[in-house]
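One structure is given here, and the rest of the page talks about it.
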Amino acid sequence: MDMNIRYSTIKKAEAIEILRDKTSFNYTFDQTTIELLKKRFALKDSLYILAKNNGEFTAFCSVDRDWWENNYFFIREILVDPNFQKLGLGQELMKRCIDHAKKKGAKGVVTETAFENVPMQKLCAKFGFQQWNNPQWKEGITYKLTLGGFRRSAVESEIGVDSRLRGNDIKR
Ligand SMILES: CC(C)(COP(=O)(O)OP(=O)(O)OC[C@H]1O[C@@H](n2cnc3c(N)ncnc32)[C@H](O)[C@@H]1OP(=O)(O)O)[C@@H](O)C(=O)NCCC(=O)NCCS
């Protein structure tokens, strides 16, 4: 496949509209999700990353501080267009979100997924997330990655993201 992936950071809440009705498996960015993403976008240290291939939407990932444990970041949304799955894009986006949390001095990163969402569970395991017994949510699996012993070089070499997928960063 001809790939020319570019990553950008969303800078204005209106730009979140690009996600509306984007869908992958049984997951869709519906009205409620879009509204919640807009609210969280305004929080300090939120990071919303878009990936486009030849200018077309390809993937999205967001991380924010709206989590009830102090100084933890939450990977709230991650979605890769079905035509671009299993190519390493999810991994690259997640890595960027974890790196961001680390730079902001986070104690850790959490995320949540459905019991049946095997791709997401595998992706989390790849980064060393552990299943966590979340007292506030039992309807799926909560994953937690503690950043205390997190070494950038170790993660980069273990994860080994394909250099073509690192893409070029552009500012919007
Ligand atoms: C979960 C998701 C983001 C993964 O994105 P992706 O770009 O396909 O993932 P990657 O190519 O980076 O794969 C990374 C790892 O995830 C796992 N994985 C990805 N897709 C998988 C699949 N269909 N089945 C099993 N494992 C899978 C693998 O362990 C893979 O590593 P490997 O290729 O070395 O084995 C993608 O499947 C998706 O968009 N799903 C729909 C939206 C969604 O459910 N989001 C999460 C909501 S909580």
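Those letters in the sequence shown? Residues 117 to 288, per my numbering, in order. Backbone N, C-alpha and C fix where the C-beta goes; we use that ideal spot for every residue, glycine too.
For a quick check, are the C-beta atoms of residue i and residue j less than 9 angstroms apart?
i, j, result
"Trp248", "Lys260", "yes"
"Ile165", "Arg212", "yes"
"Phe291", "Asn169", "Given that the chain is displayed from residue 117 to residue 288, the structure contains no residue 291 and the question cannot be resolved."
"Val179", "Val225", "yes"
"Ile121", "Leu205", "yes"
"Asp197", "Lys160", "no"
"Ala167", "Gly283", "yes"
"Leu203", "Tyr143", "no"
"Phe173", "Ile132", "no"
Out of the options, which one is the CA nearest neighbour of residue i?
i, options, result
"Tyr188", "Asp197, Ser162, Phe231", "Ser162"
"Glu228", "Asp118, Arg212, Leu166, Arg192", "Arg192"
"Ala222", "Ala131, Thr148, Ala175, Arg181", "Arg181"
"Phe231", "Ala131, Thr262, Lys254, Glu185", "Lys254"
"Phe176", "Thr258, Ser124, Thr148", "Ser124"
"Glu185", "Ile134, Pro251, Asp118", "Pro251"
"Phe141", "Met236, Gly264, Gly256", "Met236"
Report the partner residues of residue i according to the DSSP bridge assignment.
i, result
"Cys177", "Ile165, Ile194"
"Ile126", "Ile126 pairs with nothing; no bridge assigned."
"Trp248", "Thr258"
"Thr144", "Thr139"
"Ile121", "Asn169"
"Glu228", "Thr258"
"Phe189", "Val225"
When every heavy atom of ligand 2 is checked, does at least one fall within less than 8 angstroms of the C-beta of residue i?
i, result
"Tyr123", "Ligand 2 is not part of the structure shown, which contains ligand 1 as its ligands."
**Asked** Between the segment 242-258 and the segment 143-153, are three or more C-beta pairs nearer than 8 angstroms?
**Response** Taking a cut-off of 8 angstroms on C-beta distances, the segment 242-258 does not touch the segment 143-153, as fewer than three cross pairs fall below it.
**Message:** Which residues end up in the neighbourhood of ligand 1 when you take C-beta atoms closer than 6 angstroms to any of its heavy atoms?
**Reply:** Ser140, Phe141, Tyr143, Ile194, Leu195, Val196, Gln201, Lys202, Leu203, Gly204, Leu205, Gly206, Gln207, Thr229, Asn233, Val234, Pro235, Met236, Lys238, Leu239, Lys242
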